[in-house]
Amino acid sequence: MKQQDQKLPNRQVPFSDAFVAFIPEDWQPYSEEMPARLPAADHTAARRDAVSAAYPGERLVIPAGGLKVRSNDTDYRFRPHSAFAHLTGLGTDREPDAVLVLDPVFTDDADDPEKAEDAGHVATLYFKPRAPRTDPEFYADARYGEMWVGKRESLAEMEAMTGLPCAPLADLPAALSANTDRIGARIVRTTDDRLTTLMDELRRTNEVEFDPCVDEEFEVMLSELRLIKDAYELEQMQLACDATTVGFEAVAADFPTAVRKGRGERWCEGVFALHARHLGNDVGYGSICASGDHANTLHWVRNDGDLHDGDLVLLDMGVEVDSLYTADVTRTLPVNGRFTPAQRKVYDAVLAAQTAGIEAARAGATFHEVHDASIRVVAEHLHAWGILPVSVEESLDPVNGGQHRRWMVHGTSHHLGIDVHDCAQARKEFYRDGTLRAGMCITVEPGIYFKSTDLLVPEELRGIGVRIEDDIVITDGEPLILSKALPREADAVEAWMAGLLGS
Ligand code: GLY
Ligand code: MN
Ligand code: MN
261 MKQQDQKLPN RQVPFSDAFV AFIPEDWQPY SEEMPARLPA ADHTAARRDA VSAAYPGERL
321 VIPAGGLKVR SNDTDYRFRP HSAFAHLTGL GTDREPDAVL VLDPVFTDDA DDPEKAEDAG
381 HVATLYFKPR APRTDPEFYA DARYGEMWVG KRESLAEMEA MTGLPCAPLA DLPAALSANT
441 DRIGARIVRT TDDRLTTLMD ELRRTNEVEF DPCVDEEFEV MLSELRLIKD AYELEQMQLA
501 CDATTVGFEA VAADFPTAVR KGRGERWCEG VFALHARHLG NDVGYGSICA SGDHANTLHW
561 VRNDGDLHDG DLVLLDMGVE VDSLYTADVT RTLPVNGRFT PAQRKVYDAV LAAQTAGIEA
621 ARAGATFHEV HDASIRVVAE HLHAWGILPV SVEESLDPVN GGQHRRWMVH GTSHHLGIDV
681 HDCAQARKEF YRDGTLRAGM CITVEPGIYF KSTDLLVPEE LRGIGVRIED DIVITDGEPL
741 ILSKALPREA DAVEAWMAGL LGS
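Here the sequence shown stands for residues 261 to 763, where the numbers follow this note's numbering.
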């Protein structure tokens with residue numbers, strides 16, 4: 261038995277010498293026509309410049325991450341780390357194991373670092389280019405081979421797409437080992453364990469003291485870099501919301517089927533997923549399709565319940581487009597197209613809370629003022645209905661109150677972008693306590709959740725859960741509602757549903 265045969269898994273048939281000689285022959289040469297430049301590529305250089313300016317003289321390593329095993333030899337669909345996508349413009353499933361490196365450049369290459377003057381960084385995208393057809397990868401590598409996963413890019417093709425100088429991944433260890441005695445380095449350490457280990461080893465042998473906190477600070481910076489979206493990003497967010505509208509319409513139009521077939525929540529999830537994959541890259545997060553009392557479980561993603569005529573269904577769903585920007589929209593809809601008086605009572609309260617939140621979402625306000633505006637309206641309604649056991653002001657007291665949170669325990673807003681909870685590593689002073697500025701994209705998503713088991717709630721309202729969520733761009737004037745194509749007012753929802761259901 262040959263050495264290589266001993267390594268073969270028990271399902272693989274060994275390749276004969278005749279096959280190995282035969283397989284590279286008589287293929288049409290690869291086209292010399294270069295793929296189109298990614299639309300994002302015109303915007304990524306400015307983002308990399310901002311990173312470069314923040315860390316003069318340091319090597320900066322941003323891995324895409326690798327494929328993750330789902331079970332045995334099948335992987336999850338690949339999605340690059342958001343910072344990698346932001347700085348390279350690569351979206352969809354590109355590019356497993358790739359690494360963006362920003363290497364510091366010095367005008368004076370003398371040995372004395374004191375004399376060297378920082379001159380920014382040079383960016384290189386390291387990735388695994390497709391192997392020639394003479395390489396066993398072509399036919400024998402189920403993860404990367406052309407016969408298994410399709411034609412992947414050459415170095416020149418990836419350069420044409422991204423506008424970045426590219427190099428083979430095999431060159432990366434040597435590149436990361438160069439000049440380690442004279443420059444510091446940072447890595448996004450949560451993405452690629454092997455690379456992080458290598459970087460830690462290289463930095464440990466470095467004479468410069470290494471403190472892993474520098475990596476955490478680097479991730480914070482990369483997260484804060486996305487707080488304000490550029491024109492391209494806002495365009496992508498609008499596309500994501502438009503595709504999400506199509507998905508919501510298809511789901512609502514199919515409610516009668518969902519009721520009839522049973523497991524209607526799954527039907528809704530599936531119909532939306534169809535449109536997410538058709539119009540975009542995927543859903544931006546696990547869809548929440550929560551009928552009746554399930555709406556009161558905030559992250560109800562099991563979605564295995566029935567849809568019943570007369571119930572509400574809370575649908576929290578967003579399409580992620582190919583550039584990986586995602587919408588995050590919630591509508592709570594009457595399954596049969598008409599709200600009951602009790603449902604409408606809760607719905608209108610949430611709508612009033614959302615309207616107050618959107619009104620507060622203005623440049624110059626703090627992020628938490630949006631929540632403050634919404635939650636006050638929620639508390640006022642709970643009080644007016646006799647549910648809140650204390651006054652509105654007592655409940656809103658941040659230190660000694662909070663009783664209203666029993667019925668809305670989550671925040672009203674988060675930043676939205678490449679991640680559904682975008683910029684999550686940003687410092688508190690730039691996020692929760694930060695000032696809203698034009699170009700920020702946030703959700704406004706208050707809710708009221710009356711569990712069927714909550715004895716403090718009037719019986720007619722038990723089991724009703726409502727959330728309304730829209731995606732907002734902060735401007736220098738009125739807030740821009742990217743998801744406004746989907747109706748919000750109860751009457752408008754009913755009219756929209758009548759159109760979709762033909763009733
Ligand atoms: N869909 C998750 C969220 O609304 O934050
Ligand atoms: Mn959200
Ligand atoms: Mn949501």
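Idealized CB from N, CA, C, for every residue including glycine.
query                                                                                                                 : result
Residues near glycine 405 by beta carbon distance below 7 Å, same chain, minus five either side                       : Glu397, Phe398, Tyr399
Close Cβ partners of aspartate 553 (< 6 Å) along its chain, the five nearest in sequence each way excluded            : Ser712, Gly723
Spatial distance of glycine 444 from aspartate 302 (CA atoms)                                                         : 29 Å
Rounded C-alpha distance that separates lysine 262 from alanine 391                                                   : Because lysine 262 sits at a pLDDT of 40, beneath the cut-off of 50, its placement in the model cannot be relied upon, and the following sentence gives the value as read from the coordinates. Taking the straight line joining both Cα atoms gives about 24 Å.
Cβ contact check for the segment 554-572 and the segment 692-702: 3 or more pairs under 8 Å                           : no
Best match in His670, Gly423, Pro601, Ala358 for proximity to glutamate 720 [C-alpha to C-alpha]                      : Pro601
Any non-hydrogen atom of ligand 3 within 7 Å of aspartate 542 CB                                                      : no
DSSP three-state assignment for glutamate 729, whether helix, strand or coil                                          : strand
Whole-angstrom distance between proline 706 and methionine 668, CA atom to CA atom                                    : 8 Å
Counterpart residues of isoleucine 741 in DSSP-defined beta bridges                                                   : Ile732
Distance CB(alanine 503)-CB(leucine 593) smaller than 8 Å                                                             : no
Sheet register partners of alanine 383 (DSSP bridge)                                                                  : Leu362
Extent of the continuous alpha helix (DSSP H) run through leucine 575                                                 : Taken as a continuous stretch (DSSP letters only), leucine 575 belongs to no alpha helix (DSSP H), being part of the beta strand (DSSP E) at 572-577.
Closest residue to alanine 686 among Leu298, Met481, Phe338, Gly578 (Cα-Cα distance)                                  : Met481
Coil, strand or helix - glycine 759 by DSSP                                                                           : helix
Nearest-angstrom Cα separation, counted from arginine 393 out to valine 280                                           : 10 Å
Identity of the residues DSSP links to valine 704 by a beta bridge                                                    : Asp730
Glutamate 509 and tyrosine 585 closer than 8 Å at C-beta                                                              : no
Per-residue burial, methionine 294 [other beta carbons within 10 Å of its own, 16 or more giving buried]              : exposed
CB of valine 589 within 8 Å of CB of serine 342, strictly                                                             : no
Segments of 4+ residues assigned as alpha helix (DSSP H) that fall wholly inside the segment 489-549                  : 491-513, 515-521, 524-539
DSSP-derived helix/strand/coil call for proline 601                                                                   : helix
Buried or exposed by the 16-neighbour rule on C-beta atoms within 10 Å, applied to tryptophan 756                     : buried
Histidine 674, buried or exposed, once every other Cβ within 10 Å from all chains shown has been counted against 16   : buried
Reduced DSSP category for glutamine 264 - H, G, I as helix; E, B as strand; rest coil                                 : At glutamine 264, the pLDDT of 45 sits below 50, so the modelled position is not reliable and the matter cannot be decided from this model.
Supposed close pair isoleucine 741, aspartate 751 - CB separation, criterion 8 Å                                      : In fact, because the Cβ distance is near 18 Å, the residues do not count as touching under 8 Å.
Contact set, ligand 2 heavy atom to C-beta under 6 Å                                                                  : Asp588, His674, Thr703, Glu705, Glu729
Minimum C-alpha distance to histidine 664 - residue among Val365, Gly540, Leu648, Ala314                              : Leu648
Simplified DSSP state of threonine 695, which is helix, strand or coil                                                : strand
Sequence-distant residues of the same chain with beta carbon closer than 8 Å to aspartate 335, five excluded per side : Leu327, Lys328, Val329, Arg403
Pair within 8 Å by beta-carbon distance, alanine 633 and alanine 620                                                  : yes
Contact test: aspartate 576 Cβ vs ligand 3 heavy atom, cutoff 7 Å                                                     : yes
Cα-Cα separation, valine 519 to glycine 725                                                                           : 19 Å
Closer than 7 Å: threonine 590 CB and nearest ligand 3 heavy atom                                                     : yes
Proximity below 8 Å, CB of aspartate 363 to CB of lysine 388                                                          : no
beta-carbon tyrosine 336 near ligand 1 non-hydrogen atom, thresh 7 Å                                                  : no
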